[in-house]
Structures are given as structure tokens and as C-alpha cells.
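I have placed the structure first, in the form of C-alpha cells, so that the comments after it can refer back to it.
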Amino acid sequence: PRLQPWFTEEPLEEEKKKLDELDEQAKSGKIADGTEATSKPSHKQEVSKMLEKAKKVSMKVCLKAELKETAGALLEIAKEGGLNLPSEGGIKSVGRVVVANSRVKCASEIMQLL
2 PRLQPWFTEE
12 PLEEEKKKLD
22 ELDEQAKSGK
32 IADGTEATSK
42 PSHKQEVSKM
52 LEKAKKVSMK
62 VCLKAELKET
72 AGALLEIAKE
82 GGLNLPSEGG
92 IKSVGRVVVA
102 NSRVKCASEI
112 MQLL
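Written as C-alpha cells, this is what we have:
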């Protein structure tokens with residue numbers, strides 16, 4: 002038990018019942034206004050989806066245009082997956098990671114670095 006309670010006045014019986022109902026709704030996944038809580042996919046699910054999409058990207062880095070295309074594709078996948086990458090200069094940032102790890106043959110390994 003707490004030494005000092007977080008409230009200054011004890012809640013009334015009606016307020017206690019209402020708080021208990023809200024607690025039960027929160028546990029069952031329902032929000033107070035009666036709508037169902039939407040379940041977001043977990044972080045691991047998002048990462049696995051991004052890695053699956055990245056496996057489909059061709060790793061061409063010989064020419065500047067190919068490098069830009071590869072970096073752009075990886076940037077799109079990363080943004081769809083919820084990674085916070087810059088909108089301006091994002092292709093350059095991803096391109097630097099691709100060039101620095103150009104010996105890696107799989108785009109999903111580079112996606113893990115992002």
C-alpha cells in the first residue's frame with residue numbers, strides 16, 4: 002500500500018463503480034465510447050514484413066542510376082514499415098548505407114542496418 006495516496010479525497014461509491022467499469026473495459030479491449038480497440042501489428046511483425054519486401058529488391062550498385070533506384074526502393078519499404086527517415090535527402094542517406102555495405106548481396110541485410 003501507498004503511504005500517501007495519489008488522491009486527496011476518497012472517491013464516492015458511484016465513482017468507484019464507474020472506474021471499475023472503465024478498468025474492465027480496458028482489460029477486455031473496449032474503449033469507453035463502446036468501440037473496439039484496434040490492434041496494431043507488433044514490432045517484430047513489421048520488421049519481418051519489411052525484410053520480406055526487401056528480399057525482392059535487386060541489389061544493383063554498379064551504376065549511379067542503379068544505386069539510386071535500389072536506395073529509393075529500400076527507402077520506400079522503410080517508410081512503409083514505419084521507420085523515421087528523412088524525406089529530403091533520404092535516398093542519399095540510404096544510398097550511403099548501401100555503398101558502405103555493398104559487399105552484402107542481400108537487401109534484407111541492409112534493411113536490418115536501417
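Residue 56 in the working numbering sits at position 55 of the sequence shown; the count goes up by one each step and never skips.
All C-beta atoms in this analysis are idealised placements derived from N, C-alpha and C, irrespective of residue type, glycine included.
Selected residue, minimal CA-CA separation from residue i, among the options
i           : options            : result
residue 57  : 114, 68, 109 and 4 : 109
residue 50  : 21, 78 and 10      : 78
residue 44  : 5, 53, 82 and 88   : 82
residue 107 : 10, 87, 12 and 53  : 53
Chain-order list of residues whose beta-carbon lies under 8 Å from that of residue i (same chain, five-residue window excluded)
i           : result
residue 100 : 62 and 68
For residue j and residue i, the rounded distance between their alpha carbons
i           : j          : result
residue 47  : residue 76 : 15 Å
residue 93  : residue 65 : 11 Å
residue 20  : residue 5  : 20 Å
residue 14  : residue 22 : 12 Å
residue 17  : residue 24 : 10 Å
residue 103 : residue 71 : 11 Å
residue 12  : residue 89 : 52 Å
residue 96  : residue 60 : 11 Å
residue 28  : residue 87 : 37 Å
residue 55  : residue 80 : 12 Å
Close Cβ partners of residue i (< 7 Å) along its chain, the five nearest in sequence each way excluded
i           : result
residue 105 : 111
residue 73  : 92
Exercise. What runs of the alpha helix (DSSP H), each 4 residues or longer, lie entirely inside the stretch 57 to 84?
Worked result: 65 to 81
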